[in-house]
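**Student:** In order, the protein sequences belong to chains A, B and C.
Sequence positions in the first sequence follow my numbering and run 28 to 353.
Sequence positions in the second sequence follow my numbering and run 28 to 353.
Sequence positions in the third sequence follow my numbering and run 28 to 353.
Every residue gets a Cβ at the ideal spot worked out from N, C-alpha and C, and that includes glycine.
Before I ask anything, let me first share the structure, which is written out below as structure tokens.
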Amino acid sequence: MDNMDPGRKQLFESGQCCESNWYRGLSDVVSKLASSWDDTHPWEHGSAIPMPYQEAVLRIIDRGRRILFPGYFTHASINADNLEYYIGQELCMLFEDLSEQIDLAFCYQALAQSHPSDLVQTRGRRLALAFVKKLPSIKSMLMSDIEAAMVGDPAARSESEVIFCYPGFLAISIYRMAHELWRLGIPFIPRIMTEHAHSLTGIDIHPGATVGRSFFIDHGTGVVVGETTIIGDRVRIYQGVTLGALSVPKKDVPGLRNRRRHPTVEDDVIIYSNSTILGGETTIGARSVIGGNIWLTESVPPDTRVILKRPRLIYKGRQAKFHVEA
Amino acid sequence: MDNMDPGRKQLFESGQCCESNWYRGLSDVVSKLASSWDDTHPWEHGSAIPMPYQEAVLRIIDRGRRILFPGYFTHASINADNLEYYIGQELCMLFEDLSEQIDLAFCYQALAQSHPSDLVQTRGRRLALAFVKKLPSIKSMLMSDIEAAMVGDPAARSESEVIFCYPGFLAISIYRMAHELWRLGIPFIPRIMTEHAHSLTGIDIHPGATVGRSFFIDHGTGVVVGETTIIGDRVRIYQGVTLGALSVPKKDVPGLRNRRRHPTVEDDVIIYSNSTILGGETTIGARSVIGGNIWLTESVPPDTRVILKRPRLIYKGRQAKFHVEA
Amino acid sequence: MDNMDPGRKQLFESGQCCESNWYRGLSDVVSKLASSWDDTHPWEHGSAIPMPYQEAVLRIIDRGRRILFPGYFTHASINADNLEYYIGQELCMLFEDLSEQIDLAFCYQALAQSHPSDLVQTRGRRLALAFVKKLPSIKSMLMSDIEAAMVGDPAARSESEVIFCYPGFLAISIYRMAHELWRLGIPFIPRIMTEHAHSLTGIDIHPGATVGRSFFIDHGTGVVVGETTIIGDRVRIYQGVTLGALSVPKKDVPGLRNRRRHPTVEDDVIIYSNSTILGGETTIGARSVIGGNIWLTESVPPDTRVILKRPRLIYKGRQAKFHVEA
Chain A
28 MDNMDPGRKQ LFESGQCCES NWYRGLSDVV SKLASSWDDT HPWEHGSAIP
78 MPYQEAVLRI IDRGRRILFP GYFTHASINA DNLEYYIGQE LCMLFEDLSE
128 QIDLAFCYQA LAQSHPSDLV QTRGRRLALA FVKKLPSIKS MLMSDIEAAM
178 VGDPAARSES EVIFCYPGFL AISIYRMAHE LWRLGIPFIP RIMTEHAHSL
228 TGIDIHPGAT VGRSFFIDHG TGVVVGETTI IGDRVRIYQG VTLGALSVPK
278 KDVPGLRNRR RHPTVEDDVI IYSNSTILGG ETTIGARSVI GGNIWLTESV
328 PPDTRVILKR PRLIYKGRQA KFHVEA
Chain B
28 MDNMDPGRKQ LFESGQCCES NWYRGLSDVV SKLASSWDDT HPWEHGSAIP
78 MPYQEAVLRI IDRGRRILFP GYFTHASINA DNLEYYIGQE LCMLFEDLSE
128 QIDLAFCYQA LAQSHPSDLV QTRGRRLALA FVKKLPSIKS MLMSDIEAAM
178 VGDPAARSES EVIFCYPGFL AISIYRMAHE LWRLGIPFIP RIMTEHAHSL
228 TGIDIHPGAT VGRSFFIDHG TGVVVGETTI IGDRVRIYQG VTLGALSVPK
278 KDVPGLRNRR RHPTVEDDVI IYSNSTILGG ETTIGARSVI GGNIWLTESV
328 PPDTRVILKR PRLIYKGRQA KFHVEA
Chain C
28 MDNMDPGRKQ LFESGQCCES NWYRGLSDVV SKLASSWDDT HPWEHGSAIP
78 MPYQEAVLRI IDRGRRILFP GYFTHASINA DNLEYYIGQE LCMLFEDLSE
128 QIDLAFCYQA LAQSHPSDLV QTRGRRLALA FVKKLPSIKS MLMSDIEAAM
178 VGDPAARSES EVIFCYPGFL AISIYRMAHE LWRLGIPFIP RIMTEHAHSL
228 TGIDIHPGAT VGRSFFIDHG TGVVVGETTI IGDRVRIYQG VTLGALSVPK
278 KDVPGLRNRR RHPTVEDDVI IYSNSTILGG ETTIGARSVI GGNIWLTESV
328 PPDTRVILKR PRLIYKGRQA KFHVEA
């Protein structure tokens, strides 16, 4: 009781709460929970090797962002003299962390599929290096995304503000790293990354989606970009936009997971807030503009504007009602 | 000044910012803020006993999730031999934390209601034990929710991915724990829990809502499930769905808080993204499907599909406009 | 290898992953990234003085909230005797942190604009004091916001619950602090603050927006309030509401950033969920009520209700379809 919080200690010492046998009740619950655990079940994890660890994955994301934008997201002072040391040190630590998490992810996947550990290979470092080699091209993509934000948002004051503050840029940064890991066939880690971005920003980009250069998401809360979506260059989308699937029960369509289920958005398209575009055969043609609150499940040719019919307003005097027919 | 940041130290030593009397300005502000503090006011908290503490509540959530899914959300390696120790240790710590927070919550509630501390009872451990005994049935509900995700989402690769990564499953996990605490009549803590889930996922399920087995929320950002909502078994909802109240000023309707204000959603209903269903007398009949972007304030019989009239598309040549009339 | 995780160590000792020359691959990447870094580029930060630091800004937010609501967001027990010490200590630390971050923000802005450091002035403490002096009036505004939540939400049980748990109140608290910093002309820090609130709550209020007393945001996920929005007193808005700009490419309109681009919402207006109101010349007149899912780009006179035409329901027997024409 010595480490006990003073408030609680006071309650204890008042003697009011000292009913006996608390732990008998607890141990019953422990037995029940432990006996319900079934090592052969696909999601019950029992092994000498731990699972991939979310905190390590988040550390990898943070290091990645510091490497891509030296001087941001850190206390450290960066200059031309120490730059290479700084990047080098961060990169080595990212490499070690990532190698380990990749190994664990493959080990876990093999266990989850009831294969013994002979499937487990030490591919972590090889794949981590393959990822690290992509960082310069990820940076080049992100620089185009920064410029897209400067062009697309009148409130953007500087590139630094975009890097520092813009949730759309944060989500895209994490997506671009996760997508490279996805392309390398690494399980779990890409999705942990993009769901972390989703949690921070409300922007849910599946790591399997394909996104061109100069992508800008403004505000972004509620954006959903599905697994098989293809987005061209210089596309701009706003909060609440869904690029989703027409829902079909998985069991009804064998092989559904491997088909295109999400739309294609060609170059230079703008999609305003809270619009929903669904289906693997839906293509939004280049340079089209989709207005707000649109629900679209079919293709649109290039150079098209899709808007809601202008609302008819009915004014009804004082204590008035204004009907809007959308 | 010795612990000062080098950058700041440099500024100080330049002598430019050493205007005197900073602290006179500060102490004026302190006096103003302190004198505006009124111990008799319902929300000004002054007491020898601290308030319930958000970080402790978040720790309880994390322990709950580790107990329900051993091996996840931890570095530790779990196997059949150490499982019972692991669960036992986590459960005892959860029990201690929760007992303390429950005591503090009741103490605080009594203070807030201007009752002296003689209302404070040491019910923390009793209620914490009652909660802990519900964990096996919470786990059984959550296992049905995992299966619902596997059935409902073609992108779901494994049960592990659902447990690890799916924000809908995270929000439902926290809701199911919070709901049991809510049913035990514990103040503050259930809402702190579900608002934490809301912050992490954008999914706002009130702890008072009633939710059946096999519940699946996909993507989930913007989902709102109100306090008196009743949801049946095998219901699936998408991002941006609101199950809300028709708004009435509280003062106009005495006892409003205790009435049904939110809808009933029967078994096997699907509600697509960004639809809004309002009102305590609104019932969505079993097996109905509510399309996207629907605004509904009245009941729908079983086996019904509710969809927006197909948009009429008007193509207007090149530099074209496509009007969508929803 | 001694500090290595046991799981990883086992993999290493199996000898499978010891391909040589990992670090040659890494050092190539370091060189590429370092040589792409261009100190003269507006967003590449190189300097002996570090950038403003997000974690410090978040610490300032937390201290601000503890100062405004003593006893909340802390383990500490607050009472009439220690109150002034508590506020005083928190305030001094806030003042120091904020002074430093303001200095760094101005330094960084000057560097980013390619001006040498002779533009850097030690205005941090002066501006930090000006901010601190606003805290009593911020508190008074926030007390009106708490009352607005009690009036507007039947589920609100107590003022404490609002302070503790309501994401709308959290977002407004952070906005009100950030707005004062914005009015003082401080770069970066206000936006870092409101984007932090955005991340926690899904509510994106630009620090430049002007918001009257007794403001209530319920649920809040997906709310966007743009930079030049003006909101009167006793306004209430729900989740998914956008007060936004009619989008125009910045390059087409010189000086666009400094014009009103976002709407005016007069006193006592209510705007229901997922409605979108756009444009700098759009005014919602006092006491008007805007229903859910409305898309508005023109003004509405006072005392007006704007609602969607009641949906026509078409019932089609069993295996029925219900068409809703919004």
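Compare the C-beta of residue 187 of chain C with all C-beta atoms of chain E and state if any pair is closer than 8 Å.
**Tutor:** Any reference to chain E falls outside this structure, whose protein chains are A, B and C.
**Student:** Residues in its own chain within less than 6 Å of residue 304 of chain A by CB, not counting five upstream and five downstream?
**Tutor:** For the purposes of this step, residue 304 of chain A is taken as the residue at position 277 of the first sequence. 270, 290 and 323.
**Student:** Could you tell me the alpha carbon to alpha carbon distance between residue 310 of chain C and residue 328 of chain C, rounded to whole angstroms?
**Tutor:** Along the third sequence, one-based indexing puts residue 310 of chain C at 283. Along the third sequence, one-based indexing puts residue 328 of chain C at 301. Roughly 8 Å separates the two Cα atoms.
**Student:** With distances taken from CA atoms, which of C/136, C/181, C/118 and C/215 is nearest residue 158 of chain C?
**Tutor:** As a position in the third sequence, residue 158 of chain C is number 131, starting the count at 1. Of the candidates C/136, C/181, C/118 and C/215, the one whose C-alpha sits nearest the C-alpha of residue 158 of chain C is C/118.
**Student:** If you draw a straight line from the C-alpha of residue 82 of chain B to the C-alpha of residue 106 of chain C, how long is it?
**Tutor:** Working through the second sequence from its first residue, we reach residue 82 of chain B at position 55. Working through the third sequence from its first residue, we reach residue 106 of chain C at position 79. C-alpha separation (whole angstroms): 21 Å.
**Student:** Decide yes or no for the touch test of the region 193-210 of chain C against the region 238-249 of chain C: beta carbon pairs closer than 8 Å, at least 3 of them.
**Tutor:** At 8 Å Cβ cutoff, the stretches touch.
**Student:** Using a C-beta cutoff of 8 Å, does residue 333 of chain C count as contacting chain B?
**Tutor:** Position 306 of the third sequence holds residue 333 of chain C. For residue 333 of chain C, the answer is no, since every Cβ of chain B falls outside 8 Å of its Cβ.
**Student:** For residue 264 of chain A, I'd like the list of residues in its chain whose CB is within less than 7 Å of its CB, leaving aside the five on either flank, ordered along the chain.
**Tutor:** To locate residue 264 of chain A, count along the first sequence from 1; it is residue 237. Counting only Cβ-Cβ distances below 7 Å, and skipping sequence neighbours, we find 244, 250 and 298.
**Student:** Which full runs of the alpha helix (DSSP H) of 4+ residues lie inside the region 284-319 of chain B, going along the chain?
**Tutor:** As far as the region 284-319 of chain B is concerned, it has no whole alpha helix (DSSP H) run of at least 4 residues.
**Student:** Mind checking if residue 89 of chain C is an interface residue toward chain A, Cβ cutoff 8 Å exclusive?
**Tutor:** Position 62 of the third sequence, counted from the start, is the residue given in the question as residue 89 of chain C. Taking Cβ atoms only, chain A never reaches closer than 8 Å to residue 89 of chain C, which makes this a no.
**Student:** Could you give the first and the last residue of the continuous alpha helix (DSSP H) run that contains residue 56 of chain B?
**Tutor:** Within the second sequence, the letter at position 29 stands for residue 56 of chain B. Counting along the chain, the alpha helix (DSSP H) containing residue 56 of chain B begins and ends at 49-62.
**Student:** Determine the chain B residues that contact residue 114 of chain C at a beta-carbon separation under 7 Å, and present them in chain order.
**Tutor:** On the third sequence, residue 114 of chain C is found 87 positions in, with the first residue counted as 1. Result: 57, 60 and 61.
**Student:** Run through DSSP, which three-state label would residue 230 of chain A get?
**Tutor:** Numbered from 1 along the first sequence, position 203 holds the residue referred to as residue 230 of chain A. Reduced to three states, the DSSP call for residue 230 of chain A is coil.
**Student:** With burial defined as no fewer than 16 other Cβ atoms inside 10 Å of the residue's Cβ, what is the status of residue 188 of chain B: buried or exposed?
**Tutor:** In the second sequence, residue 188 of chain B corresponds to position 161, counting from 1. Under this definition residue 188 of chain B is a buried residue.
**Student:** Are the CB atoms of residue 223 of chain C and residue 252 of chain C nearer to each other than 8 Å?
**Tutor:** Reading the third sequence from its first residue, position 196 is the one you call residue 223 of chain C. Reading the third sequence from its first residue, position 225 is the one you call residue 252 of chain C. Contact: no.
**Student:** What whole-angstrom Cβ distance do residue 57 of chain C and residue 160 of chain A have, given they're in contact under 8 Å?
**Tutor:** Position 30 of the third sequence holds residue 57 of chain C. Position 133 of the first sequence holds residue 160 of chain A. No, residue 57 of chain C and residue 160 of chain A are not in contact; Cβ-Cβ is about 11 Å, not under 8 Å.
**Student:** How about residue 135 of chain C and residue 220 of chain C: do their beta carbons lie closer than 8 Å?
**Tutor:** Position 108 of the third sequence holds residue 135 of chain C. Position 193 of the third sequence holds residue 220 of chain C. No.
**Student:** Shortest alpha-carbon distance to residue 236 of chain A belongs to which of A/207, A/213, A/180 and A/109?
**Tutor:** For the purposes of this step, residue 236 of chain A is taken as residue 209 along the first sequence, with counting starting at 1. Out of A/207, A/213, A/180 and A/109, A/207 has the C-alpha closest to the C-alpha of residue 236 of chain A.
**Student:** Bridge partners for residue 209 of chain A per DSSP, in chain order?
**Tutor:** As a first step, residue 209 of chain A must be located in the first sequence, where it is residue number 182. Residue 209 of chain A is not bridged to any residue.
**Student:** So what does DSSP say about residue 99 of chain A, is it helix, strand or coil?
**Tutor:** Here residue 99 of chain A is taken as the residue at index 72 of the first sequence, counted from 1. Note: residue 99 of chain A maps to coil in three-state DSSP.
**Student:** Give the residues from the region 255-271 of chain B that approach chain A closer than 9 Å (Cβ to any Cβ), ordered along the chain.
**Tutor:** Answer in chain order: 263, 265, 266 and 267.
**Student:** Distance cutoff 8 Å, beta carbons only. Does residue 102 of chain B sit that close to anything in chain A?
**Tutor:** Counted from its first residue, the second sequence places residue 102 of chain B at position 75. Judged by the 8 Å Cβ criterion, residue 102 of chain B is in contact with chain A.
**Student:** Exposed or buried, what is residue 225 of chain B when buried is set at 16 or more other beta-carbons lying within 10 Å of its beta-carbon?
**Tutor:** Stepping through the second sequence from its first residue, residue 225 of chain B is reached at position 198. Counting Cβ neighbours within 10 Å, residue 225 of chain B comes out buried, since at least 16 surround it.
**Student:** Kindly say whether residue 99 of chain B, judged by its beta-carbon, lies nearer than 8 Å to any beta-carbon of chain A.
**Tutor:** Here residue 99 of chain B refers to the residue found at position 72 of the second sequence. Cβ-Cβ to chain A under 8 Å: yes for residue 99 of chain B.
**Student:** Can you list the alpha helix (DSSP H) stretches of 4 or more residues lying completely in the region 154-188 of chain C, in chain order?
**Tutor:** Runs of the alpha helix (DSSP H) inside the region 154-188 of chain C: 162-179.
**Student:** Using a 10 Å radius around the Cβ and a threshold of 16 neighbouring Cβ atoms, would you call residue 212 of chain B buried or exposed?
**Tutor:** One-based indexing of the second sequence puts residue 212 of chain B at position 185. Residue 212 of chain B is exposed by the Cβ-count criterion.
**Student:** May I ask you to list, following chain order, the residues of the region 189-216 of chain B that have a beta carbon less than 7 Å from some beta carbon of chain A?
**Tutor:** Answer set for the region 189-216 of chain B: 190, 191, 192 and 194.
**Student:** Any Cβ of chain C within less than 8 Å of the Cβ of residue 163 of chain A?
**Tutor:** By one-based count along the first sequence, residue 163 of chain A stands at place 136. Yes, contact with chain C.
**Student:** Quick check on DSSP: helix, strand or coil for residue 84 of chain B?
**Tutor:** Here residue 84 of chain B is taken as the residue at index 57 of the second sequence, counted from 1. In this structure, residue 84 of chain B counts as helix in the three-state DSSP scheme.
**Student:** Return yes when the Cβ of residue 240 of chain A is within less than 8 Å of the Cβ of residue 177 of chain A, no when it is not.
**Tutor:** As a position in the first sequence, residue 177 of chain A is number 150, starting the count at 1. As a position in the first sequence, residue 240 of chain A is number 213, starting the count at 1. Not a contact, by the Cβ cut-off of 8 Å.
**Student:** Could you tell me whether the Cβ of residue 172 of chain C comes closer than 8 Å to any Cβ of chain A?
**Tutor:** Residue 172 of chain C sits at position 145 when you count from the first residue of the third sequence. Answer no: the Cβ-Cβ gap between residue 172 of chain C and chain A never drops below 8 Å.
**Student:** Would you tell me roughly how many angstroms separate the C-alpha atoms of residue 186 of chain C and residue 120 of chain C, rounded to the nearest one?
**Tutor:** Here residue 186 of chain C refers to the residue found at position 159 of the third sequence. Here residue 120 of chain C refers to the residue found at position 93 of the third sequence. Distance between the alpha carbons of residue 186 of chain C and residue 120 of chain C: 27 Å.
**Student:** For residue 182 of chain B, decide whether its Cβ has a neighbour in chain A, counting only Cβ atoms nearer than 8 Å.
**Tutor:** Here residue 182 of chain B corresponds to residue number 155 of the second sequence, with the count starting at 1. Judged by the 8 Å Cβ criterion, residue 182 of chain B is in contact with chain A.
**Student:** Can you list, in chain order, the residues of its chain whose CB lies under 6 Å from that of residue 308 of chain A, leaving out five sequence neighbours each side?
**Tutor:** Position 281 of the first sequence, counting from 1, holds the residue named residue 308 of chain A. Excluding residues within five positions, none has a Cβ falling inside 6 Å.
**Student:** Based on the DSSP secondary-structure assignment, which residues constitute the bridge partners of residue 264 of chain C?
**Tutor:** Residue mapping note: residue 264 of chain C aligns to position 237 of the third sequence, counting from 1. Residue 264 of chain C is bridged to C/244 and C/298.
**Student:** In three-state DSSP terms, what is residue 257 of chain A?
**Tutor:** Counting from one through the first sequence, the residue named residue 257 of chain A turns up at place 230. Residue 257 of chain A: strand per DSSP, three-state reduction.
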